[in-house]
Amino acid sequence: MADRDGWIWLDGELTPWREAKTHVLTHALHYGSAVFEGERIYEGRVFRLSAHSARLVNSARLLDYDLPWTREQIDDATREVVKANGLAFGYIRPIAWRGSEVMGVSAVGTKVHLAIAPWAQEGRLSVQVKPGGIRVTMAKYRRPSPEVAPGAAKAAGLYIICGIEKDRALKAGFDDALMLDWQGRLAESTGANVFLVLGGKLVTPKVENFLDGITRRAVIGLARKRGWEVEERAVMPQELDDASEVFLCGTAAEIVPVGAIDHRHYQVGPMTRTLMADYAELVRQPDCEGFGESVHFA
Ligand code: PMP
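When we follow the UniProt record's numbering, the leftmost residue of the sequence shown carries the number 5, and every step to the right adds one.
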């Protein structure tokens, strides 16, 4: 982690970057109870800020705790961080967690904390863009079933598998790994959702107990605006053999063309290129907040 100047919003206060610390006995460190978001700043505005803040609140609820801040307060705090750090382009990481007040599996009695940290960065994060698309391998681990974990939560504990698979992929010379769900259907990559072009149609796995990306929703909206057919359905891994284009999408990655999945090779095709251009335009629009299919949380 960089040692640097700047401000992190921590439990209601703008705190100097170097002083934003937590104790080693933090519940989240031992038992994975943190929930977080990844957001992007374009032209000084956070893309779909309210949807991200709402998902953060909802992720905590799925882990059975309430944040002591409302969605609106989190929106305001995030804008404060962007302003205090003077950022036009960058990445934002809000993270909520259960504190160090009580030691044990039960988090009852711990305080809920919230930090919002910024990075000044333009361009893609998390994967490098390559002219012919990135190289992906199939993951060994699968996303959990709804009986095993609340997969709709963007929870730290659910990223154990993502971290293992991302590192395994990098060590083997790939850029990322694609995970199946518990029933052997395509799910998501370690930090993004996946789309295929099959017979001229855009196809993406129906979200069942994995992350319903805010970027994914925006991409579906952009495609439908162009009059393209989009299918959200169960997608079997064998269907990758017939795809003419494949891409990943997520806040950090934006839209990233996939050039290969193990032995399969793909062109960076016209639908991917068009959506990349549409997405780059969308995120820079001042009134893009409500665009695309809206994401509703309880
Ligand atoms: N799946 C996983 C596992 C992710 O980490 C992300 C990135 N948050 C996504 C999908 C895409 O979500 P979003 O478009 O909301 O960033």
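Don't be surprised by glycine CBs; every beta carbon is placed ideally from N, CA and C. All figures in this text were calculated on a predicted structure; none of them were measured in a lab.
Check: D68 (DSSP reduced to helix, strand or coil); Outcome: coil
Check: Stretch-stretch touch, CB-based, cutoff 8 Å, three pairs: the segment 25-40 with the segment 140-148; Outcome: no
Check: Buried versus exposed call for A121 [16 or more other C-beta atoms within 10 Å across all chains shown]; Outcome: buried
Check: Span of the beta strand (DSSP E), counted from its first residue to its last, around H117; Outcome: 116-124
Check: Residue burial classification, P241 (beta-carbon count within 10 angstroms, cutoff 16); Outcome: exposed
Check: Cβ pair T82, L118 closer than 7 Å; Outcome: no
Check: Collapsed DSSP secondary structure at Y283 in the structure displayed; Outcome: helix
Check: Distance cut-off 6 Å: N197 Cβ against heavy atoms of the ligand PMP; Outcome: yes
Check: Whole-angstrom C-beta distance between L279 and V239, which should lie under 8 Å; Outcome: Actually they are not in contact, since the Cβ atoms of V239 and L279 sit about 18 Å apart, beyond 8 Å.
Check: Nearest neighbour of T26, chosen from D70, L60, I99 [CA to CA]; Outcome: I99
Check: At least 3 beta-carbon pairs within less than 8 Å: the segment 49-69 vs the segment 85-100; Outcome: yes
Check: Cβ-based neighbour list, L29, same chain, cut-off 8 Å, excluding 5 preceding and 5 following; Outcome: S104, M107
Check: D180, DSSP secondary structure in three states; Outcome: strand
Check: Through-space distance from H56 to E76, alpha-carbon basis; Outcome: 11 Å
Check: For M142: DSSP bridge partner residues; Outcome: L182
Check: E84 in three-state terms, based on DSSP; Outcome: helix
Check: Buried versus exposed call for P20 [16 or more other C-beta atoms within 10 Å across all chains shown]; Outcome: exposed
Check: Sequence-distant residues of its chain with Cβ nearer than 6 Å to I165 (five each side left out); Outcome: Y145
Check: Given 8 Å, three or more beta-carbon pairs between the segment 166-184 and the segment 271-288; Outcome: no
Check: Buried versus exposed, by CB contacts within 10 Å (16 or more), D179; Outcome: buried
Check: Three-state secondary structure (DSSP) of A24; Outcome: coil
Check: Any non-hydrogen atom of the ligand PMP within 6 Å of G231 CB; Outcome: no
Check: Buried or exposed (CB count within 10 angstroms, at least 16 for buried), H31; Outcome: buried
Check: First and last residue of the uninterrupted beta strand (DSSP E) at E169; Outcome: Unbroken run through E169 is the alpha helix (DSSP H), 164-175; no beta strand (DSSP E).
Check: Buried versus exposed, by CB contacts within 10 Å (16 or more), R220; Outcome: buried
Check: Near the ligand PMP: I218 beta-carbon under 6 Å from a heavy atom; Outcome: yes
Check: Presumed contact (8 Å Cβ cut-off) between V234 and L206, rounded CB distance; Outcome: 5 Å
Check: Helix, strand or coil at E297 [DSSP, three-state]; Outcome: Model confidence at E297 stands at a pLDDT of 43, short of 50, so the residue's coordinates are unreliable; what they give is reported in the following sentence. Coil, per DSSP.
Check: Inter-residue CB distance, G254 and N213 (contact presumed, cutoff 8 Å); Outcome: Incorrect: roughly 17 Å between the Cβ atoms, too far for contact.
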